[in-house]
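Structure, as C-alpha cells:
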Amino acid sequence: MNYHDKKQIIRQTEDFIRARFTGDSSGHDWWHIHRVRNLALKLAKRENAEEFIVEMAALLHDLDDWKMAPAGNQVKNWLDTLRLSEDENVHILKITSAKRQNANQKRFRYGNTPPPYYGKLS
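Just so we're aligned, residue 563 is where the sequence shown starts under the working numbering, counting upward by one.
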C-alpha cells in the first residue's frame, strides 16, 4: 500500500472515530484520542516503529473499551471495511485488544502482568 492510500485510510478512520466520540462525556472524547495519537506518533518516530500501525491503533484504541463497548468487535469490524494487509490487521488488533485483555485481568494495579505485546509500538 502506498503513502497516499495509507493517508486516505487514516483520514477515513479519523472521520469515523471523530463522529463516534465527539461529545463523549466519559473522558474518552475525540480530543483524548487526538492527544493519544500525537503522543503515540512521537514515540513511534523515536522507536522507529511503523507509524501507520501506531497511528491506526491510537485512533482505534478506545473503540472496544470494555466500559463503552461490551461486544468488543468494533475495531475488527472497522478494519474489515478497509484495504489493509493481513499483517497490518493483526498488528492493529493485537495492540488494541491488549487494553481489553488487561481489563479482563482485573487491571495491573492488582498485581497482574500485561500481555507480552502490551504497549509495544509494533
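Cβ coordinates follow ideal geometry from the N, Cα and C atoms, glycine included.
Quick check: the Cα distance between residue i and residue j, rounded to an integer number of angstroms?
{"i": "residue 673", "j": "residue 652", "result": "For residue 673, the pLDDT reaches just 48, beneath the cut-off of 50, and the residue's location in the model is therefore unreliable, although a value from the coordinates is still provided. When rounded, the distance between both Cα atoms is 28 angstroms."}
{"i": "residue 548", "j": "residue 583", "result": "Residue numbering for the chain in the displayed model covers 563 to 684; residue 548 lies beyond these limits and cannot be assessed."}
{"i": "residue 636", "j": "residue 658", "result": "11 angstroms"}
{"i": "residue 570", "j": "residue 606", "result": "20 angstroms"}
{"i": "residue 574", "j": "residue 645", "result": "12 angstroms"}
{"i": "residue 578", "j": "residue 572", "result": "10 angstroms"}
{"i": "residue 617", "j": "residue 611", "result": "10 angstroms"}
{"i": "residue 603", "j": "residue 613", "result": "6 angstroms"}
{"i": "residue 667", "j": "residue 641", "result": "The pLDDT assigned to residue 667 is 49, lower than 50, so where the model puts this residue is not dependable, and the model offers no usable value."}
{"i": "residue 620", "j": "residue 609", "result": "15 angstroms"}
{"i": "residue 580", "j": "residue 565", "result": "22 angstroms"}
{"i": "residue 586", "j": "residue 594", "result": "10 angstroms"}
{"i": "residue 601", "j": "residue 654", "result": "17 angstroms"}
Please identify the residue among the options whose C-alpha is closest to the C-alpha of residue i.
{"i": "residue 590", "options": "619, 624, 616 and 614", "result": "624"}
{"i": "residue 649", "options": "660, 615 and 643", "result": "615"}
{"i": "residue 626", "options": "593, 660, 594 and 608", "result": "660"}
{"i": "residue 622", "options": "608, 609, 599 and 643", "result": "599"}
{"i": "residue 568", "options": "647, 655 and 656", "result": "647"}
Identify whether residue i lies in helix, strand or coil by the three-state DSSP scheme.
{"i": "residue 645", "result": "coil"}
{"i": "residue 596", "result": "helix"}
{"i": "residue 590", "result": "coil"}
{"i": "residue 652", "result": "helix"}
{"i": "residue 668", "result": "Residue confidence is low: residue 668 scores 44 on pLDDT, short of 50, so the model does not pin down where it sits. Its coordinate-derived value is still stated next. In the structure shown, residue 668 sits in coil (DSSP, three-state: anything other than H, G, I, E or B)."}
{"i": "residue 625", "result": "coil"}
What residue does the alpha helix (DSSP H) around residue i start on, and which one ends it?
{"i": "residue 612", "result": "It is not in any alpha helix (DSSP H) - residue 612 carries neither H nor E in the DSSP assignment."}
{"i": "residue 575", "result": "565-583"}
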